[in-house]
Amino acid sequence: PEIFWIDPNALGGPNNRFLGTGMSVEATGPLVERDEGYVIWPSSYRSSGTTKALDLRPAAEDELTIASFNVLNLTEDSDWLEVQFPKLARYIVERLGGPDIVALQEVGSRSLLNDLNFFIDQLAPHLNYRSYLIAGAGDINVAYLVRDFIQVEEVRQLGNSETLSSGGRLHDRPPLLLRAVLPTDPPTPLSVLNLHLRSLNGIEGNNADFVRRKRHEQAISVARMVQERQDDNLVVVGDYNALPYTDGYVDVLAQISGKPTLGALYPVAQIVQPPLRNNFTLFQPEEEQYSFVFQGSAQQIDHCLTNELPDYTITDLAFARGNADASYAYYVNPNITTRSSDHDGFVLYLRPNARFTSTDDLSSAPEQIHYPNPYRAGALISWPWEWGTVQCRLYRATGQLVRQWQAQQQTQLQNLSPGCYYLQIQCPDGKRTIRLIAQ
9 PEIFWIDPNA LGGPNNRFLG TGMSVEATGP LVERDEGYVI WPSSYRSSGT
59 TKALDLRPAA EDELTIASFN VLNLTEDSDW LEVQFPKLAR YIVERLGGPD
109 IVALQEVGSR SLLNDLNFFI DQLAPHLNYR SYLIAGAGDI NVAYLVRDFI
159 QVEEVRQLGN SETLSSGGRL HDRPPLLLRA VLPTDPPTPL SVLNLHLRSL
209 NGIEGNNADF VRRKRHEQAI SVARMVQERQ DDNLVVVGDY NALPYTDGYV
259 DVLAQISGKP TLGALYPVAQ IVQPPLRNNF TLFQPEEEQY SFVFQGSAQQ
309 IDHCLTNELP DYTITDLAFA RGNADASYAY YVNPNITTRS SDHDGFVLYL
359 RPNARFTSTD DLSSAPEQIH YPNPYRAGAL ISWPWEWGTV QCRLYRATGQ
409 LVRQWQAQQQ TQLQNLSPGC YYLQIQCPDG KRTIRLIAQ
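Here the sequence shown is numbered in the working numbering, starting from 9 and rising by one per residue.
Below you can see the structure in the form of structure tokens.
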């Protein structure tokens, strides 16, 4: 079908910036050619329905969850950080369900990742994420949030020193390998490879040769990383910037997975054997196999490949919805999850063959911090003496650290400007966070 756009107020009608997938629009008016496409200027129109949205199901007690999510330029120079942090935190907690491991793309720095983790902690302190990021050559990186019941053995970049055949760095955002062990009996190892590969931008422009070569050689490089780890329980997730099939120049997914290809200008090298599984084709109908919308066309450029996973069973795999389908107009509202990014995140559900021994969900622990609210300077904040000496951190509502200190059984806050603060106390069995309104 032909794709065309609607400009609701082109002829002076009421504007509607919130049209999105899942809504029905009826319009009457001239169809005008513009920018190599078509746009309707409605003399009248009406819309019904709501933008498509979906929260993923909670994990079962015996399931492990791994998510992948491109957070759209979470960088220091973003004009929207105060909006991005609460929206992204809510998407991870509410839409994705607080996965055990979250592989992120487009994170500017470790500091920004920690800030995002702070906002998540306000919504769901029981998740107890730890932040992992190793900076690459550019201003966006791949990263992980990992719940603290998982034993992290190693986080390291792969291919950081590899060079392009024509010169220069091959991986601007080097793949990030996470090696971990689950608290099962016996312990179960897991390897996750987080990718953010070269985009399709420029693949047919003046710089086409460079773009095609880089995409091809990156895919070759990742295929070798995969093949070297075929004996692991291996999960390869991220923003591949590649369609599930050949783009005619490079077949990135076939190269990395070892699956058959329909062909490409740069031929696929046979490296990965046995082939990886493309799990979305197994768990989602075709109409749900997309993660991004480009100029009105739904595309899947975020993928989840696995090897045979000898110590696990895949129980489910699904995209959360509410980003790719939604209007950009929702982006500036920090109070809703809708359009927190331009990508939809997904969650892979795994069941280890061995039984979990403990995941220590701290959300059920009783709250034992006593404090007045609203809070006046000098008022006492206390907690059980059994906690011993604890680390205290005071944050502004926007996430900036105000101060940190150690205390035993009680503390007092002085010289606070009026406003909202969060006090985080690191006790022996996890973190507690309280919200204070300073007068």
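Ideal Cβ positions, reconstructed from N, Cα and C, are used throughout, including at glycine.
- The residue from S86, R164 and F218 with its alpha-carbon nearest to that of L203 is R164.
- Look at N341 here: in three-state DSSP terms it is coil, with no helix or strand label.
- Taking a contact to require three or more Cβ pairs closer than 8 angstroms, the region 224-234 and the region 146-162 do not qualify as touching.
- With respect to the 7 angstroms criterion, E71 and R359 are classified as neighbours on the basis of their beta carbons.
- Taking the C-beta atoms as reference points, P182 is found nearer than 7 angstroms to N168.
- The Cβ neighbour count for P252, taken over all protein chains shown within 10 Å, is at least 16; the residue is labelled buried.
- When beta bridges are read from the DSSP output, D247 appears opposite H204 and D310.
- The alpha helix (DSSP H) runs of length 4 or more contained entirely in the region 103-144 are, from start to end of the chain, 118-131.
- For H179, the secondary structure class from DSSP, reduced to helix, strand or coil, is coil.
- According to DSSP, residue pairing for G57 in a beta bridge does not occur.
- The beta carbons of Q412 and Q434 sit no closer together than 7 angstroms.
- Relative to E84, the option among L62, S52, R103 and D123 whose CA is nearest is D123.
- Under the three-state reduction of DSSP, V150 is assigned to strand.
- Around the beta carbon of P38, fewer than 16 other beta carbons lie within 10 angstroms, which makes this residue exposed.
- With fewer than three CB-CB distances shorter than 8 angstroms, the region 378-385 does not count as touching the region 103-114.
- Exclusion of the five residues before and after G304 leaves I11 as the residues of its chain whose Cβ lies within less than 6 angstroms of its Cβ.
- Closest in alpha carbon position to R42, among I14, S32, R65 and A61, is I14.
- Assigned with DSSP and collapsed to three states, V234 falls in helix.
- A buried status is given to L421, since no fewer than 16 other beta-carbon atoms sit within 10 Å of its beta-carbon.
- In the structure shown, I100 adopts helical secondary structure according to DSSP, grouped into three states.
- Between the region 229-242 and the region 334-345, the count of Cβ pairs shorter than 8 angstroms is below three; the stretches do not touch.
- Across the structure, V115 and L121 are spaced so that their CA atoms are roughly 7 angstroms apart.
- By the neighbour-count criterion, in which a residue is buried when 16 or more other Cβ atoms sit within 10 angstroms of its Cβ, P197 is exposed.
- The beta-carbon separation of T269 and D259, rounded to 4 angstroms, stays under the 8 angstroms limit for a contact.
- From the listed residues P66, L89 and I279, the smallest Cα separation to S348 is found for L89.
- Apart from sequence neighbours up to five positions away, the residues of its chain that approach D63 with a beta-carbon distance below 8 angstroms are E102, R103, G105 and A328, ordered along the chain.
- It is roughly 25 angstroms from the alpha-carbon of A326 to the alpha-carbon of P191.
- Here the C-alpha atom of C312 lies approximately 15 angstroms from the C-alpha atom of T321.
- For I442, the enclosing beta strand (DSSP E) starts and ends at G438 to A446.
- Assigned with DSSP and collapsed to three states, R359 falls in strand.
- Distance from D333 to S299 at the Cβ level is roughly 11 angstroms; contact not present, criterion being Cβ atoms closer than 8 angstroms.
- Taking the Cα positions, G30 is about 25 angstroms away from L356.
- Where V410 is concerned, the enclosing beta strand (DSSP E) starts and stops at L409 to Q416.
- A residue is called buried when at least 16 other Cβ atoms come within 10 angstroms of its Cβ; S139 meets this threshold and is buried.
- Under the three-state reduction of DSSP, Y298 is assigned to coil, being neither helix nor strand.
- If you look at F288, you'll find it in the alpha helix (DSSP H) that goes F288 to F291.
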